[in-house]
Every structure is written in C-alpha cells, then in structure tokens.
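Novice: Protein chains in written order, with my numbering: chain U, 1 to 399; chain C, 1001 to 1399.
Even glycine gets a Cβ: it sits at the ideal position worked out from N, Cα and C.
Questions regarding the structure given below will be posed in turn.
Shown next as structure tokens:
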C-alpha cells in the first residue's frame, strides 16, 4: 500500500460571485492547486480525478465531475463524481487517497465545487433539505437548520450547554475568518452580535448558522513513488476514517453526538497510529455552531458534554492549545457544499507548509479534517502529518 | 496490490414496479447478491460500500448511498454515492475494486439503483437530459435520443451503416432478454417490428431505444486474502479501465465513436494482459442500438465502420463467436440508470459461474462489461476472468 502525500492545494475565493460559473470557480481552484506545488505539476501527470458536488440549483446534475475536468483540459483522465451531501469533498479526498494506495494512480486530483448564491432562498432550503431524509424530514417540513436546532436543544438540555457557548463558536470562527483573504465573511462578530441576531431555528441565531456560498477547492494527492518529483515537503495522509449512518436524525441512536463522526475519527486515529491528544489543529464541520461543539466531543478533543466549556476556555482559539477552524470554518470561510471538504484540506495544507499568513500556527505536526454529510448520515475524517524533511541524520521521522 | 474477486452478485427484477421504492428494490438486489455467495457472507463482513444512482425524480438527491445502505442494516459501513450518469454503477464497481486493491477494505459492496417509471415523460426527458451538456444540449432542446440519433446518422453516412443493421441489434437483444427472467421486456421483436416502429429521433425508432426502467443490482467484491472464505470459484477482476471526455457530443473529436470507451477499453485490456480477441462475451452499453454498434468498434471487436455487418453476420448472437448482451442488454433487460453498470456485472458473474440458465454460454473464460455515462462523457470497462479452481497440478492458471 503506497503512502499518500498532499503536494498541492488551492481554492477559489469563497463568497457570492454572480459573474462566475461552477466551471470558472473550479478552474481557479485547480490552477491555484497546481501553482502551489513547489516543483510544479503538469496536467498530463494527473492520472485520476474525483469531484465532490451536491449539484445545488440542478445546473449539471449528471456527469458534473467530467463537466469540470473537461473544462480544465483533463478530458481523458477518469473523473468520478462523489456525492455524500456536505461531505462530498471529504469523500473525494478519501477516494483520491484510495486510488493512490491501490497503485492504480500516482497523481490524483480531488476537487469540489458548489454555486449556491444565485438561487432563491426557497431553492436553497430545498437543496439543503435533500441532504436530510426526504420522506420524514424534508417533505414533513423540517428544515436543515431545524434538524441541527434539535441537536442543539438536546445538548443544552442534557449538558447545560448555553446559547452563549454556541455564540462563542461564531465569535472565534469569525475572528479567524477575518484573517483569511479567501473567506466569505471576512469580518469579526461580537458575542453580542451573535446573541442578539435573529433566530433561524430556536435556539440557533443567524450567527449560529453558516452562510450559503459559492466556491471551489482542489487538492493534489500523490504516491510515495513520485512525491519527490513535486516537493521536498512531506505532508502525508497519515489516517483516514469514514462511516455512514441513518440519514434521518430521528433514526439515530443519539441527538447529542454524531455517531458517524465518532466512528470515522476512531478509524482515522487508528490508521494514523495517534490519538486526539496528538492533534495540533483541526478543521471541523461547523455548519451550525452546535455542530462544532458536537465535533469537539465526537473527535475526542474534550469529554462528552464538555464542549461548551471547552470553547469558552479559549482552548480552540487561534492561540489556544488546540486551534479549531483556523480558516474561519464553514461559519466564516463559507460552506460551498461540495467544496467544503477539499477546502478544509487546503487550510491544513497551508498550515502544515507554512503558508497560512496571519493565521499561521507555529509548528504544527498533525492536522485533522472532519467533514459531515447531512446531519450525520456520513462523516469522513483525515489526519495529515507534516513529516520532517528527508534527512539521513534524522532517525525519528514518523513513517 | 491485492487481486479483487467477485464472489456474489444479484439484482431485483428490472421493470416497472409502482408498488416498490428505491429502498425495497435495493434490498432485493442486496439480498440476492448475498444469497449468491456459495459459503454465505455476513453483513458484518462488509467493510465498504459504493452506490451508483443518478437520482431520477429527485427522490433522495443527497446521501442517496447511505439512504439505501442504512435500510439494509449497513449503517456504520462507509458508503459513498458515485454518479457518472448512466455509468454510475460501473464506476461504483471500479471504486470497489480500488478499495480492495488499496488494502483499505476486504469485502466491498458495489450497488446501484434507479426508479424511473413513476415520473412523467417530461420528467424522464429532463432526467435523461441532465446527463448531457446542460447549456448547449439540454437547455437548447436536444433530447438524449436526439444526441444518439446524431451519432447514428453520422455512422450511417460515413460507413453506410443501415437502419436494418440498427434493428438487428434490437432483435438480438430482445431474443436474449426473452430468456432472462429478470429482464424488463421479456419478449422477442422481429426485424419488421423494429423497422416499422414509430420514430423517436430520426433514424432511431422505438425499438432502437432502451426503455425507462426501475431496478437495482449489487455486486460483492473481495480481496484475495479473504476470497476462499466465500467461494471456491475464482472470478477475478482482471482488468479495469476508465476515461472521461467532454460531456457535450458537439465538443468531442468524433461522432462515429466514443473516445472515452476506446480509452477505457485500452486500459482495461492492458491491465488484464489480454486483447479484444480474448474476450468470450460482453455486456455493452446499448442505450440506443447505435451505441451497441459503436461499442463493437470502440472495444476492438471489429474494425472501425464494420459494426453493422458484424451484427448482421450473427457473430454477436447468443450462439455466435462473440455473444454480446446475453442478458438482453439495456434494450431488453432494461436501463435503470444507476443499476445498469452493476447489473452488467451480475450477468457476467452468472455466465462465469454457470448460473445463466437458458442463456448460459458453454465455457466462457473472459467476460467484459462496458458502461457509458451520458453520450460518452465517461466510460468504464471491466474484464473478468474465470480462473480455474485452485489446484497445485494446474500450472497454466492465469494470475
């Protein structure tokens, strides 16, 4: 089984871009990913591609993967569209890793895109709703925010989590996003802003919900056989884990956690040979503020029920012991559905390769990404490790 | 790289089933696949799942993979939806092979489903249309039959292919399908029927077009490490090839062939270490009669331009030198989009394991499947080999 390395990653700006198409956004992300590879990469080197998208607005519901790879000149390269709702991008990355490990490809593109801001609010509700259970949630009138609101309410009732703790997630992520030139909402929000914003679905206010966003993000993953052609860096995909679950929240074993996240994390830690205590920073799936709190617990960053006090302690701030969502997260960076999972890897790549600008962490070694589909029907977790430079004198390099 | 083996495969009946749901059809296919494994397989053995579907009718557009695997009790198992239009199922199989070869899974389920007959004709046209190019084909009024009609016209003009030769594809496939108890259209059609049927898109008549169909099909693929737990048969995935291309026909280099099919076949033959002359039978993507003729040429079964006379010669009949679409093909067995690619593997599995009933070929060794997305924006080809029983005295076993 070949090891898999990330040699490049790039994104378009995330935001609202009425003058762009899904193809133009994908092209920008693709070119930025290629440009980020230290020794360059030729499109002809790419053996395989995976593209994650939900297809919001129904703009190219079939063959939407090949529709973007043809546009960047990769016709001929096998391209597979991967869709697991909001986790489409994370699963595209996982497939890319698998392709490399299988020996069937040496250089694989994992991309994702979504264009969401040119459709009506009604249409956005529909397209978010399709990631929930159709018959018993969407067609019964439950919105996507409503599903997460039920989880928030359950967590508050069970663990005394407070609305203010939810707001602290928003404040932190906006603070990080304000430092990210590619983020959708590049502004700070105060605790008061978050607390007093209009309610979307009780107890979630507007600032407890991520925006709808246009954007694309691409990652290049290669085998150990070819990695040295592209870079002296060694950003290894150390661990991969994924799990599915019932699509409808009402069918799951708990409302105060996401079992698929727990299972995916357990598998990712096992394959990486580390535990949550070894993670230096993480991009987690904060589509709603409660989702970030659940992630803290599901990923083992704090004990069950303690996520509220964990964020309140500042532990997950940019200067905390375990910075979470240094990019701004879905909350501030934005959530262009199919691009979110690949976009998380872009941030980890930047942090591990020292390109994160004003958000740069000092010397992170392990970065984690956590991407959830729907309200937990699927989840995928990756652990990335910054190996030291290859050097014969260095014997403690983690393999 | 572990070798990958097919140890089981099963399908629901293909047809029109107003009383069924996508979940119930998938369940039937899943159970039939499990039941086909000689030593049985426990659901708990399944490490990974891929599900192909286009999502016709929009019934569960997000997380449609997990929505069916949860229903059969596989929640927890990572399930990824794969969509490459009509090739979704074939790509699901390819991902399953990759998962096994990567060492990340030992037992993988590749499934597909579609429910199409409960939506209006207008809606079917829309859903088939989404697999074409959106802006320049579908929204400009080009139907899916219209795209293939352009290819048929081009082939007829360039190579003197005749409408009667197109009809011979229909006659042959209906003859095979009439022997398949799971086929949608289990009746013969005469040359006169096919020739005189109403025109759908000149020169294609109704009998030159496959029906819209409900159905599901599942395949179980395992690693060489575990294959002997399940069966003494050795039906190996000997070759895999895939390619993408421009989604719109008008952007492609030729109208008289499908370049992605050619590339996919070349790669599949290379990885299998065989040539088209070694193939004993094949299931090819005959969504329209012209598509089967193009496949003959793209897969190297006959010379370019000779497909019409090749079918006319009887070479591809059940008792011919190279039987094609022994199942009845998309034309007679039916084309439930996401299930078509996995359904092709069901037929190959049956033929190679001696379970094809009245359609059984004598002693096939190599079977091929060929699955096309849209009008050629993606294609995937698999070569399956029936290895001899493991026997230390047999030294000529192909590895």
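Beta carbon of residue 1343/C, beta carbon of residue 1217/C: below 8 Å?
Specialist: One-based indexing of the second chain puts residue 1343/C at position 343. One-based indexing of the second chain puts residue 1217/C at position 217. Cβ distance < 8 Å, so residue 1343/C and residue 1217/C count as in contact.
Novice: Would you kindly work out how many angstroms separate the C-alpha atoms of residue 1293/C and residue 1278/C, rounded to a whole number?
Specialist: Looking up residue 1293/C in the second chain gives position 293. Looking up residue 1278/C in the second chain gives position 278. For residue 1293/C and residue 1278/C, the distance between alpha carbons rounds to 19 Å.
Novice: Taking Cβ to Cβ, would you say residue 214/U is nearer than 8 Å to residue 114/U?
Specialist: If you number the first chain from 1, residue 214/U lands on position 214. If you number the first chain from 1, residue 114/U lands on position 114. It is a contact, given that the beta carbons lie within the stated cut-off.
Novice: Could you give the distance in angstroms between the alpha-carbon of residue 1394/C and the alpha-carbon of residue 1280/C?
Specialist: Residue numbering aside, residue 1394/C sits at position 394 when the second chain is read from its first letter. Residue numbering aside, residue 1280/C sits at position 280 when the second chain is read from its first letter. Model confidence at residue 1394/C stands at a pLDDT of 30, short of 50, so the residue's coordinates are unreliable and nothing is read from them.
Novice: In whole angstroms, give me the CA-to-CA distance for residue 1031/C and residue 1225/C.
Specialist: Start at 1 with the first residue of the second chain, and residue 1031/C comes out as number 31. Start at 1 with the first residue of the second chain, and residue 1225/C comes out as number 225. Looking at the two C-alpha atoms, the distance is approximately 24 Å.
Novice: With 16 other CB atoms within 10 Å as the buried threshold, where does residue 1316/C fall?
Specialist: Translated into positions along the second chain, residue 1316/C becomes position 316. With 16 or more other Cβ atoms within 10 Å, it is buried.
Novice: Quick one: grab the DSSP three-state call for residue 1011/C.
Specialist: Position 11 of the second chain, counted from the first residue, corresponds to residue 1011/C. In this structure, residue 1011/C counts as strand in the three-state DSSP scheme.
Novice: Using a Cβ cut-off of 8 Å, pull out every chain U residue sitting near residue 1081/C, in sequence order please.
Specialist: On the second chain, position 81 is the one that residue 1081/C refers to. Chain U residues near residue 1081/C: 82, 83, 84.
Novice: Helix, strand or coil, according to DSSP, for residue 392/U in the structure here?
Specialist: Start at 1 with the first residue of the first chain, and residue 392/U comes out as number 392. In this prediction, residue 392/U has a pLDDT of 41, which is less than 50 and means its spatial position is unreliable; what the coordinates show is noted afterwards. Coil, per DSSP.
Novice: Please tell me whether residue 1134/C has its Cβ less than 8 Å away from any Cβ of chain U.
Specialist: The residue you call residue 1134/C lines up with position 134 of the second chain. Interface residue, yes.
Novice: Cβ closer than 9 Å: which chain U residues qualify as neighbours of residue 1265/C?
Specialist: For the purposes of this step, residue 1265/C is identified with residue 265 of the second chain, where counting begins at 1. Neighbours of residue 1265/C on chain U: none; closest Cβ ~13 Å, over 9 Å.
Novice: Using the beta-carbon count (16 or more within 10 Å), is residue 122/U buried or exposed?
Specialist: Along the first chain, one-based indexing puts residue 122/U at 122. Exposed: under 16 other Cβ atoms inside 10 Å.
Novice: Classify residue 1050/C as helix, strand or coil using the three-state DSSP reduction.
Specialist: In the second chain, counting from the first residue as 1, residue 1050/C sits at position 50. The answer is strand: DSSP assigns residue 1050/C an E or B state.
Novice: Indicate whether at least one CB of chain U lies closer than 8 Å to the CB of residue 1091/C.
Specialist: Taking the first residue of the second chain as position 1, residue 1091/C is located at position 91. Yes, its Cβ sits closer than 8 Å to a Cβ of chain U.
Novice: So which of 1136/C, 1005/C, 1126/C, 1127/C has the shortest CA-CA distance to residue 1109/C?
Specialist: Position 109 of the second chain, counted from the first residue, corresponds to residue 1109/C. Measuring from the Cα of residue 1109/C, the nearest candidate turns out to be 1005/C.
Novice: Residue 76/U and residue 92/U - do their beta-carbons sit closer together than 8 Å?
Specialist: Locating residue 92/U in the first chain gives position 92, where the first residue counts as 1. Locating residue 76/U in the first chain gives position 76, where the first residue counts as 1. Contact: no.
Novice: Taking only three categories from DSSP, how would you classify residue 1242/C?
Specialist: For the purposes of this step, residue 1242/C is identified with residue 242 of the second chain, where counting begins at 1. Strand at residue 1242/C.
Novice: Relative to the C-alpha of residue 1328/C, which candidate in 1245/C, 1306/C, 1171/C has its C-alpha closest?
Specialist: Within the second chain, the letter at position 328 stands for residue 1328/C. It is 1171/C whose Cα lies nearest to the Cα of residue 1328/C.
Novice: Quick check on the DSSP output: the beta strand (DSSP E) that includes residue 1325/C runs from which residue to which?
Specialist: Translated into the one-based positions of the second chain, residue 1325/C becomes position 325. First-last for residue 1325/C: undefined, no H or E at that position.
Novice: Please go through the same chain and pick out, in chain order, the residues whose beta-carbon is closer than 8 Å to the beta-carbon of residue 1041/C, but skip the five residues on each side of it.
Specialist: Residue numbering aside, residue 1041/C sits at position 41 when the second chain is read from its first letter. Same-chain partners within the cutoff: 1007, 1008, 1034, 1107, 1220, 1230.
Novice: State the DSSP-derived secondary structure class of residue 1084/C, mapped to helix, strand or coil.
Specialist: Position 84 of the second chain, counted from the start, is the residue given in the question as residue 1084/C. In the structure shown, residue 1084/C sits in a strand (DSSP, three-state: E or B).
Novice: Could you name the residues of the region 50-72 of chain U whose beta carbon sits closer than 8 Å to any beta carbon of chain C, in the order they occur along the chain?
Specialist: Against chain C - using a Cβ distance shorter than 8 Å - the residues of the region 50-72 of chain U are 54, 55, 58, 59, 60, 61, 62, 63, 64, 65, 66, 67, 69, 70.
Novice: Kindly indicate which three-state DSSP category residue 19/U falls into: helix, strand or coil?
Specialist: Walking along the first chain from the start, residue 19/U turns up at place 19. Looking at residue 19/U - three-state DSSP - the assignment turns out to be coil, as it is neither helix nor strand.
Novice: Beta carbon of residue 1286/C, beta carbon of residue 1173/C: below 8 Å?
Specialist: Numbered from its first residue, the second chain carries residue 1286/C at position 286. Numbered from its first residue, the second chain carries residue 1173/C at position 173. Contact: yes.
Novice: Look up residue 180/U in the DSSP assignment and say whether it is helix, strand or coil.
Specialist: Your numbering for residue 180/U matches position 180 in the first chain. It is coil, neither helix nor strand.
Novice: At what residues does the beta strand (DSSP E) containing residue 1386/C begin and finish?
Specialist: In the second chain, counting from the first residue as 1, residue 1386/C sits at position 386. That run of the beta strand (DSSP E) goes 1378-1387.
Novice: What residues in its chain sit with their C-beta under 6 Å from that of residue 1233/C, if we drop five residues either side in the sequence?
Specialist: Here the question's residue 1233/C lines up with position 233 in the second chain. Within the same chain, residue 1233/C has close Cβ partners 1353.
Novice: For residue 1060/C, which residues from the same chain have a beta carbon less than 6 Å from its beta carbon, with the 5 sequence-adjacent residues on both sides left out?
Specialist: In the second chain, residue 1060/C corresponds to position 60, counting from 1. 1067.
Novice: From the beta carbon of residue 95/U, is the nearest beta carbon of chain C less than 8 Å away?
Specialist: In the first chain, residue 95/U corresponds to position 95, counting from 1. For residue 95/U, the answer is yes, since a Cβ of chain C falls inside 8 Å of its Cβ.
Novice: If you follow the beta strand (DSSP E) that residue 64/U is part of, which residue opens it and which one closes it?
Specialist: Position 64 of the first chain, counted from the start, is the residue given in the question as residue 64/U. That residue, residue 64/U, is in no beta strand (DSSP E); its alpha helix (DSSP H) goes 64-69.
Novice: How do the region 1097-1104 of chain C and the region 90-104 of chain U stand: do at least 3 beta-carbon pairs fall below 8 Å, yes or no?
Specialist: The region 1097-1104 of chain C is in contact with the region 90-104 of chain U.
Novice: How about residue 147/U and residue 375/U: do their beta carbons lie closer than 8 Å?
Specialist: As a position in the first chain, residue 147/U is number 147, starting the count at 1. As a position in the first chain, residue 375/U is number 375, starting the count at 1. Their beta carbons are under 8 Å apart, which means residue 147/U touches residue 375/U by this criterion.
Novice: Could you tell me how far apart the beta carbons of residue 1243/C and residue 1260/C are, in whole angstroms, since I believe they sit closer than 8 Å?
Specialist: If you number the second chain from 1, residue 1243/C lands on position 243. If you number the second chain from 1, residue 1260/C lands on position 260. Right, their Cβ atoms sit about 4 Å apart.
Novice: Using DSSP with H/G/I as helix, E/B as strand and the rest coil, what is residue 1146/C?
Specialist: Sequence index remark: in the second chain, residue 1146/C carries index 146 (1-based). Residue 1146/C falls in the helix class under three-state DSSP.
Novice: Could you check whether the Cβ of residue 262/U sits closer than 8 Å to any Cβ belonging to chain C?
Specialist: Position 262 of the first chain holds residue 262/U. So, not an interface residue.
Novice: Would DSSP call residue 122/U helix, strand or coil?
Specialist: Position 122 of the first chain holds residue 122/U. Helix at residue 122/U.
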